[in-house]
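What follows is a set of notes on a single structure, which appears directly below.
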Amino acid sequence: MGREFLPVFSNWAETYDAFVTGKDPAYAAVFGNYSKMLGKIAVQSGEKIIEFGSGTGNLTLQLLHQKKRVMAVEPSAAMRKKASSKLPKGFTQYDGDLLEFPEPPFTPDTIVSSFVFHHLNAEEKRAAIEKYYALLPQGGKVIFADTMFLSLQAFQAILRDAKEQGYDALLEDLISEYYPLISELEALFKGAGFTVSFEQQNSYAWLVTAYK
1 MGREFLPVFS NWAETYDAFV TGKDPAYAAV FGNYSKMLGK IAVQSGEKII EFGSGTGNLT
61 LQLLHQKKRV MAVEPSAAMR KKASSKLPKG FTQYDGDLLE FPEPPFTPDT IVSSFVFHHL
121 NAEEKRAAIE KYYALLPQGG KVIFADTMFL SLQAFQAILR DAKEQGYDAL LEDLISEYYP
181 LISELEALFK GAGFTVSFEQ QNSYAWLVTA YK
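Just so we're aligned: the sequence shown equals residues 1 to 212 in full-length UniProt numbering.
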């Protein structure tokens, strides 16, 4: 369910916000335009939202600032603890992941995430997308930002660049996790019944919007 990466994020909880704001040169390009991406997700979301991989609460905050109802789902206790220092007092965070999560307290019109979906392998991605299609009402949508690549050649070029720059941690990340090609994701969403579009945000990240 992507939880094999949970120890990484538990260790990353205290420094994650520094990474996404470009403090680490190796990840600066990965998270370029990070705040703008979260803003786009928040603006395009409906009113009742499930957020998967809510992490340190950055997207959650943007959604709450727009007066939206949010079910924030995060598997890492360390991440939830970090988020609780930012989020409104009494806000409930749920222990769960992209595939296994508590019963939502409302019928969602939008499912969102940011830099999370690549933790699922291909079969898990398919299962998650099919589950979201069943969960959403007609007209509901999935919106997420994540690292993905237009082609295998584009992915290989990124790997070469990371190696040449000496970004060993980034290189290991790119090799060990399940970063998809856009064509693969498009096939999964369309296969589940969604209409899907992709908008590039930087050399790594794309914004995915899928309507039921």
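Just so you know, even glycine gets a beta-carbon here, dropped at the ideal spot from N, CA and C. Here the structure is a predicted model, which is why all the values come from computation and not from measurement.
Indicate whether residue i and residue j have their beta-carbon atoms separated by less than 8 Å.
| i | j | result |
| --- | --- | --- |
| residue 38 | residue 64 | no |
| residue 28 | residue 66 | no |
Measure the alpha-carbon distance for residue i versus residue j and round it to whole angstroms.
| i | j | result |
| --- | --- | --- |
| residue 78 | residue 17 | 13 Å |
| residue 72 | residue 205 | 22 Å |
| residue 55 | residue 15 | 12 Å |
| residue 130 | residue 151 | 24 Å |
| residue 147 | residue 173 | 11 Å |
| residue 199 | residue 117 | 16 Å |
| residue 120 | residue 209 | 18 Å |
| residue 33 | residue 21 | 9 Å |
| residue 187 | residue 115 | 20 Å |
| residue 1 | residue 163 | With a pLDDT of 48 at residue 1, under the threshold of 50, the modelled position of that residue is not reliable, and the figure given next carries that caveat. C-alpha separation (whole angstroms): 29 Å. |
Quick test of your reading: residue i and residue j, contact by CB under 8 Å. State the CB separation rounded to the nearest angstrom.
| i | j | result |
| --- | --- | --- |
| residue 108 | residue 49 | 6 Å |
| residue 92 | residue 140 | In fact, because the Cβ distance is near 22 Å, the residues do not count as touching under 8 Å. |
| residue 13 | residue 82 | 5 Å |
| residue 112 | residue 51 | 5 Å |
| residue 57 | residue 23 | With 8 Å as the limit, residue 57 and residue 23 do not qualify as a contact, their Cβ atoms being about 18 Å apart. |
Residues in the same chain with beta-carbon distance under 8 Å from residue i, minus the five sequence neighbours each way, listed in chain order, please.
| i | result |
| --- | --- |
| residue 36 | 201 |
Short of 7 Å in beta carbon distance, which residues of its chain neighbour residue i, apart from the five on each side in sequence? Order them along the chain.
| i | result |
| --- | --- |
| residue 169 | 26 |
| residue 133 | 192, 193, 194, 212 |
| residue 70 | 49, 51, 60, 63, 64 |
Looking only at its chain, what residues have a beta carbon closer than 6 Å to the beta carbon of residue i, apart from the 5 residues adjacent to it on each side?
| i | result |
| --- | --- |
| residue 88 | none |
Is there contact between the stretch 192-208 and the stretch 97-105, where contact requires at least three CB pairs shorter than 8 Å? Inter-segment contact for the stretch 192-208 and the stretch 97-105 is absent: fewer than three beta-carbon pairs are separated by less than 8 Å.
Do three or more CB pairs link the stretch 148-163 to the stretch 121-133 at distances below 8 Å? Taking 8 Å as the limit for Cβ pairs, the verdict is that the stretch 121-133 does not touch the stretch 148-163.
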